[in-house]
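In the UniProt record's numbering, the protein residues as written are 1 to 342. We treat Cβ as the ideally placed atom computed from N, Cα and C, and that holds for glycine. The structure appears right after this line, and notes come after that.
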């Protein structure tokens, strides 16, 4: 049975969206976040999913086991094309149904008649046509910017957990990451259905206190925003997976957690800490490319996710070549049996 379309659902959950919006506004106003960050982007605009049916035709069948939420940008047409042509084109693994959807925000509004406004309307029409063809896009009335990534991800989790009640797991992934569905689905199908969240764990991380360094200024966090010396352990953002109950609990607890725009820290660190949960390390979420480089023999078949190692098309070609190599399959099986989660 098909579930209600996302755009209709958004109004049902309007109280959540409004409450969370007010929470973010007053929290950031109080702790100085707006003064330090909001000048760079509209941080606090969070509204329901777009009311245009042409932009939100996403539906979820009851048999879906895993929903993958790809965080994408409005103009990332090529990235979405590559994902659909490679790993995102996989719909069923080990007799298990998978649903891959793309979560988009919007560009800033521009004055009608200007070149920017015309360009914006051109991109919007391309997205409409893209979604008419694939039906896998959710567009939020939210400025698409790195500093809005926490809000964007929370809205995505809220939408998916309420519209895909049969889904046991939710995978969050960026649109420049390769996912090995074959290995990942096999692993989680034998994992706990509750209180489950894994990825590449980052521990003893400190907030960036200086905005002067070009390399780290992006994550500048003044002490008035976050006054602790360390962040709690959290999963690095490019890819992580959680059970349905954890995703839902994170959405529900989020208004009680001091806001940070760093999505991975806020969602898998601060929110899980508030829930008295600890995310688990699994090095097969290769979010920095280290595991790929270390496993020179059949590396892709041994990993759940690969980030920062060539283009998706290149990794996909390597993956398919490995799948044709019987020696790779034997090595991968031995690798799994030896265990590689810690």
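How would you label residue i, buried or exposed, when you count the other beta carbons within 10 angstroms and need 16 or more for buried?
{"i": "residue 231", "result": "buried"}
{"i": "residue 190", "result": "exposed"}
{"i": "residue 287", "result": "buried"}
{"i": "residue 78", "result": "exposed"}
{"i": "residue 180", "result": "buried"}
{"i": "residue 133", "result": "exposed"}
{"i": "residue 62", "result": "exposed"}
{"i": "residue 192", "result": "exposed"}
{"i": "residue 14", "result": "With a pLDDT of 39 at residue 14, under the threshold of 50, the modelled position of that residue is not reliable, and no figure is offered here."}
{"i": "residue 105", "result": "buried"}
{"i": "residue 216", "result": "exposed"}
{"i": "residue 80", "result": "buried"}
{"i": "residue 269", "result": "buried"}
{"i": "residue 125", "result": "exposed"}
{"i": "residue 83", "result": "buried"}
{"i": "residue 88", "result": "buried"}
{"i": "residue 213", "result": "exposed"}
Spatial neighbours of residue i within its chain, please: C-beta separation below 6 Å, excluding the five flanking residues on both sides.
{"i": "residue 155", "result": "140"}
{"i": "residue 76", "result": "175"}
{"i": "residue 319", "result": "300"}
{"i": "residue 280", "result": "198"}
{"i": "residue 247", "result": "157, 161 and 170"}
{"i": "residue 149", "result": "263"}
When you compare each of the options to residue i by their alpha carbons, which one comes out closest?
{"i": "residue 322", "options": "76, 312, 234 and 298", "result": "298"}
{"i": "residue 242", "options": "195, 254, 73 and 282", "result": "195"}
{"i": "residue 252", "options": "183, 267 and 86", "result": "267"}
{"i": "residue 182", "options": "211, 121 and 304", "result": "304"}
{"i": "residue 302", "options": "284, 315 and 120", "result": "284"}
{"i": "residue 308", "options": "237, 261, 278 and 265", "result": "237"}
{"i": "residue 74", "options": "235, 265 and 130", "result": "130"}
{"i": "residue 202", "options": "261, 212, 114 and 240", "result": "240"}
{"i": "residue 206", "options": "227, 314 and 214", "result": "227"}
{"i": "residue 219", "options": "245, 233 and 260", "result": "260"}
Starting from residue i, follow the alpha helix (DSSP H) in both directions and report where the run begins and ends.
{"i": "residue 66", "result": "Residue 66 -> not in any alpha helix (DSSP H); beta strand (DSSP E) instead, spanning 64-71."}
{"i": "residue 248", "result": "244-253"}
{"i": "residue 314", "result": "312-324"}
Here's a check: name, in chain order, each residue in its chain whose Cβ is nearer than 8 Å to the Cβ of residue i, leaving out the five neighbours to either side.
{"i": "residue 101", "result": "58, 67, 68, 69, 70, 136, 137, 138 and 160"}
{"i": "residue 64", "result": "97, 98, 99, 164, 166 and 167"}
{"i": "residue 325", "result": "298"}
Within its chain, find whatever has a CB closer than 7 Å to the CB of residue i; leave out the 5 residues flanking it on each side and keep chain order.
{"i": "residue 94", "result": "185, 186 and 189"}
{"i": "residue 45", "result": "Caution applies to residue 45, whose pLDDT of 35 falls short of 50 and renders its modelled position unreliable; the value that the coordinates give is listed next. Answer for residue 45: 142 and 143, listed in chain order."}
{"i": "residue 271", "result": "250, 253, 254 and 257"}
{"i": "residue 313", "result": "82 and 86"}
{"i": "residue 315", "result": "178, 300, 306 and 309"}
Tell me the residue span of the beta strand (DSSP E) that contains residue i.
{"i": "residue 140", "result": "137-143"}
{"i": "residue 85", "result": "First-last for residue 85: 77-85, but that is the alpha helix (DSSP H), not the beta strand (DSSP E)."}
{"i": "residue 102", "result": "96-106"}
Can you find a heavy atom of the ligand ADP that lies under 7 Å from the Cβ of residue i?
{"i": "residue 229", "result": "The ligand ADP is not part of this structure, which contains no ligands at all."}
query = Fully enclosed by the region 163-242, which alpha helix (DSSP H) runs are 4 residues long or longer?
reply = 181-188
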